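Participant: Attaching a single structure in structure tokens format; questions to follow.
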Amino acid sequence: MSEDNRQWLLARRPSGLVTSDDFRWNVGAVPDIGDGEVLVRNLYLSCDPTQRSWMAGRTYMPAVAIGEVMRSFAAGVVQVSRHPDFREGQIVYGLFGWQDYCVARPDDLFKMQVVPPGVSIEAALGVFGLTGLTAYFGLLHVAALQPGETVVVSGAAGATGSVAGQIAKIKDCRVVGIAGGAEKCDYLTRIGFDAAIDYKSENVMTRLRETCPKGVNVFFDNVGGRLLDAVLLHLAMHARVVLCGSISGYNDAAPQGPRNYMQLLVRRSRMEGFVMTDYNEHSPEAIHVLSGWVRDGRIQHRSDVVTGLENAPSALARLFSGENRGKQLVCVAPPATGAGGADMRVDP
Ligand SMILES: NC(=O)c1ccc[n+]([C@@H]2O[C@H](COP(=O)([O-])OP(=O)(O)OC[C@H]3O[C@@H](n4cnc5c(N)ncnc54)[C@H](OP(=O)(O)O)[C@@H]3O)[C@@H](O)[C@H]2O)c1
5 MSEDNRQWLL ARRPSGLVTS DDFRWNVGAV PDIGDGEVLV RNLYLSCDPT
55 QRSWMAGRTY MPAVAIGEVM RSFAAGVVQV SRHPDFREGQ IVYGLFGWQD
105 YCVARPDDLF KMQVVPPGVS IEAALGVFGL TGLTAYFGLL HVAALQPGET
155 VVVSGAAGAT GSVAGQIAKI KDCRVVGIAG GAEKCDYLTR IGFDAAIDYK
205 SENVMTRLRE TCPKGVNVFF DNVGGRLLDA VLLHLAMHAR VVLCGSISGY
255 NDAAPQGPRN YMQLLVRRSR MEGFVMTDYN EHSPEAIHVL SGWVRDGRIQ
305 HRSDVVTGLE NAPSALARLF SGENRGKQLV CVAPPATGAG GADMRVDP
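Be aware that the sequence shown starts at 5, since it is given in our numbering, and climbs by one per residue.
Okay, here's the thing in structure tokens:
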């Protein structure tokens, strides 16, 4: 265990793809805590595309200030607690940042939560965390998915997209995934997608016509840009476009909007954006349902772990190059034996 507190601070607003030059490495003392606070020792960092937006400017949260510790979801172990609801040794997750030690204030907006017994840290940050819950709420609450519908998912082989597609299969839909490369497309059909489109080597418009002959009822969009424009041209009547993310534009200073948005009028359709935390009150129920599907083997999930806090910037960049295979994490310190566990059961 590190005796210092190593940190990555934001050094500048990024231009294009994130690089380690956008951050400054800092080594300081392990902080003291006050009443109502908890000292968390980070074990795993969660890499999320939204972090690129937090670096660039205000989104649904204030921008990370220059000189501030890079904001990040993470899981860690409680080292010292001066809060009545938390005790030493508990595995918790929250917005702990790119650092070894975080002074967590459990009552902040993104509440620190205890990882339920029997759940692995990787699953807590993935299928039962931000990405799995986003897939669940986006399809079942925002799109109000109906059995028999045709669903297209972009970014389909990623942490959010792969869970979204599998939920749609569980709900008896026809599911087509769009991903980059033959290997990712093979993965999609292996985990149950009806068809996969390789946007890097295939004609997306032609393949959408072939794979969605009745049109697209629900588009779960993680990518935006030209893939969104292509799917807009294939909407069925009264379709729902779920604006989950737009990763193709996150590195652009002036991202382009959809050109074919008039198809929403033509097809009497709607497009709705959401942030996972809008549905926080439904998280216990969602985790309970997801855990049943994971236990029954109906949802497969995988994570991609890079080792070392020093590698956090390059791990974040993997999301934009498409190198990640599943939920991208950084292991800052290995958990003690017995911490976390398998990911088959959650009793919220
Ligand atoms: N609304 C919310 O509350 C919420 C919460 C979580 C995540 N999200 C959004 O969900 C999306 C996926 O996030 P995630 O954490 O699950 O990441 P992920 O899908 O596991 O990883 C990102 C993937 O995006 C694809 N990608 C990157 N640049 C691309 C480009 N220019 N064109 C097409 N695809 C590109 C890559 O896959 P390929 O190899 O297939 O290109 C990459 O593997 C993001 O848009 C994120 O912002 C939204």
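For each residue, glycine too, the CB sits at the ideal point set by N, CA and C. These numbers were taken from a predicted model, which means no experiment stands behind them.
(1) Taking the alpha carbon of I182 as the reference point, which residue from K204, F132 and V334 has its own alpha carbon closest?
(2) Does the distance from the CB of L333 to the CB of S295 come in under 7 Å?
(3) Would I70 be called buried (16 or more neighbouring beta carbons within 10 Å of its own) or exposed?
(4) Rounded to whole angstroms, what is the Cα-Cα separation between V350 and P317?
(5) Does ligand 1 have a heavy atom nearer than 6 Å to the CB of I303?
(6) What do you reckon, is the C-beta of G169 under 6 Å from a heavy atom of ligand 1?
(7) Any chance the CB of T210 is under 6 Å from a heavy atom of ligand 1?
(8) What separation, rounded to the nearest whole angstrom, lies between the Cα atoms of R45 and Q304?
(9) Quick check on DSSP: helix, strand or coil for S76?
(10) Where do the ends of the beta strand (DSSP E) carrying C335 lie?
(11) With 16 other CB atoms within 10 Å as the buried threshold, where does M241 fall?
(12) Would you say the stretch 49-58 touches the stretch 311-326, given that touching needs at least three Cβ pairs under 8 Å?
(13) Quick one: using the 10 Å Cβ neighbour count with 16 as the cut-off for buried, is S19 buried or exposed?
(14) Whole angstroms is fine: what's the gap from M116's alpha carbon to A108's?
(15) By Cβ distance below 7 Å, which residues in the same chain neighbour L21 in space, the five residues on each side in sequence not counted?
(16) Taking Cβ to Cβ, would you say F223 is nearer than 7 Å to V156?
(17) Helix, strand or coil for A148? Go by DSSP, reduced to three states.
(18) Assign Q267 to buried or exposed, taking buried as 16 or more other Cβ atoms, counted over all protein chains shown, within 10 Å of its Cβ.
(19) Leaving out five residues on either side along the sequence, give the residues of the same chain with a beta carbon under 8 Å from the beta carbon of V227.
(20) Hey, out of F197, R213, L313 and V68, whose CA is closest to L2's CA?
(21) Using a 10 Å radius around the Cβ and a threshold of 16 neighbouring Cβ atoms, would you call D176 buried or exposed?
(22) Which residue's Cα is closest to the Cα of G162: K188, A290 and G122?
(23) By alpha-carbon positions, which one of V96, F197, R75 and M59 ends up nearest to Q83?
(24) Under 6 Å Cβ to Cβ from G277, same chain only, skipping five residues before and after it: list those, please.
(25) Extract the residue ranges of the beta strand (DSSP E) inside the stretch 167-238, only unbroken runs of 3 or more that lie entirely within it.
(26) For the alpha helix (DSSP H) that L134 lies in, which residues bound it at each end?
(27) If you draw a straight line from the alpha carbon of L129 to that of N207, how long is it in whole angstroms?
(28) Identify, in the order they occur along the chain, each residue of the same chain with its Cβ nearer than 8 Å to the Cβ of D8, setting aside the five sequence neighbours on each side.
(29) Taking the alpha helix (DSSP H) that V270 falls in, what are its first and last residues?
(30) Taking just the CA atoms, how far does Y140 sit from I171?
(31) Can you tell me which residues form a DSSP beta bridge with A108?
(32) Using DSSP with H/G/I as helix, E/B as strand and the rest coil, what is A258?
(33) Please classify F324: does DSSP put it in a helix, a strand, or coil?
(34) Is it buried or exposed, A346, if we count other Cβ atoms within 10 angstroms and call 16 or more buried?
(35) Run the CB neighbour count on T138, radius 10 Å, all protein chains shown included, and call it buried at 16 or more, exposed below.
(36) Would you say the beta carbon of I251 comes nearer than 6 Å to a heavy atom of ligand 1?
Facilitator: Walking through what the data contain:
(1) It is K204.
(2) Cβ atoms of L333 and S295: not closer than 7 Å.
(3) Note on I70: under 16 other CB atoms within 10 angstroms of its CB, so exposed under the neighbour-count rule.
(4) Per-residue confidence for V350 stands at a pLDDT of 35, beneath the threshold of 50, marking its modelled position as unreliable; the derived number appears in the next sentence. Between V350 and P317, the alpha-carbon positions lie close to 32 Å from each other.
(5) Ligand 1 has no heavy atom closer than 6 Å to the beta-carbon of I303.
(6) No, ligand 1 has no heavy atom inside 6 Å of this Cβ.
(7) Every heavy atom of ligand 1 is 6 Å or more from the Cβ of T210, so no.
(8) R45 and Q304: Cα-Cα distance of roughly 29 Å.
(9) S76: coil per DSSP, three-state reduction.
(10) That run of the beta strand (DSSP E) goes K331 to C335.
(11) By the 10 Å Cβ count, M241 comes out exposed.
(12) Three or more pairs of CB atoms, one per stretch, sit closer than 8 Å, so the stretch 49-58 contacts the stretch 311-326.
(13) Exposed, by the Cβ-count rule.
(14) The alpha-carbon of M116 is positioned some 8 Å away from that of A108.
(15) N255, A321 and F324, listed in sequence order.
(16) Yes, the pair counts as a contact, with Cβ atoms nearer than the cut-off.
(17) Coil.
(18) It counts as buried.
(19) For V227, where only same-chain residues beyond five positions count, the Cβ hits under 8 Å are S158, G159, I182, G249, S250, I251 and S252.
(20) Residue 2 lies beyond the range of the chain shown here (5 to 352); nothing can be said about it.
(21) By the neighbour-count criterion, in which a residue is buried when 16 or more other Cβ atoms sit within 10 angstroms of its Cβ, D176 is exposed.
(22) Among K188, A290 and G122, the Cα nearest to that of G162 is on K188.
(23) The shortest C-alpha to C-alpha distance from Q83 to any of V96, F197, R75 and M59 is the one to V96.
(24) L247.
(25) Listed in chain order, they are 178-183, 199-202 and 220-225.
(26) In the DSSP assignment, L134 falls within the unbroken alpha helix (DSSP H) covering L134 to F141.
(27) The alpha-carbon atoms of L129 and N207 are separated by roughly 34 Å.
(28) Its chain contains V31, G32, A33, V34 and D104 as the residues whose beta carbon lies nearer than 8 Å to that of D8, once the 5 sequence neighbours on both sides are disregarded; these appear in chain order.
(29) Unbroken alpha helix (DSSP H) run through V270: Q267 to V270.
(30) C-alpha separation (whole angstroms): 7 Å.
(31) Per DSSP, V42.
(32) DSSP places A258 in coil when its eight states are reduced to three.
(33) In the three-state DSSP reduction, F324 falls in the helix class (H, G or I).
(34) Note on A346: pLDDT 39, under 50, position unreliable in the model; the coordinate value appears next. Exposed, because fewer than 16 other Cβ atoms sit within 10 Å of the Cβ of A346.
(35) Here T138 is buried, its C-beta having at least 16 other C-beta atoms within 10 Å.
(36) Within the cutoff, so yes.
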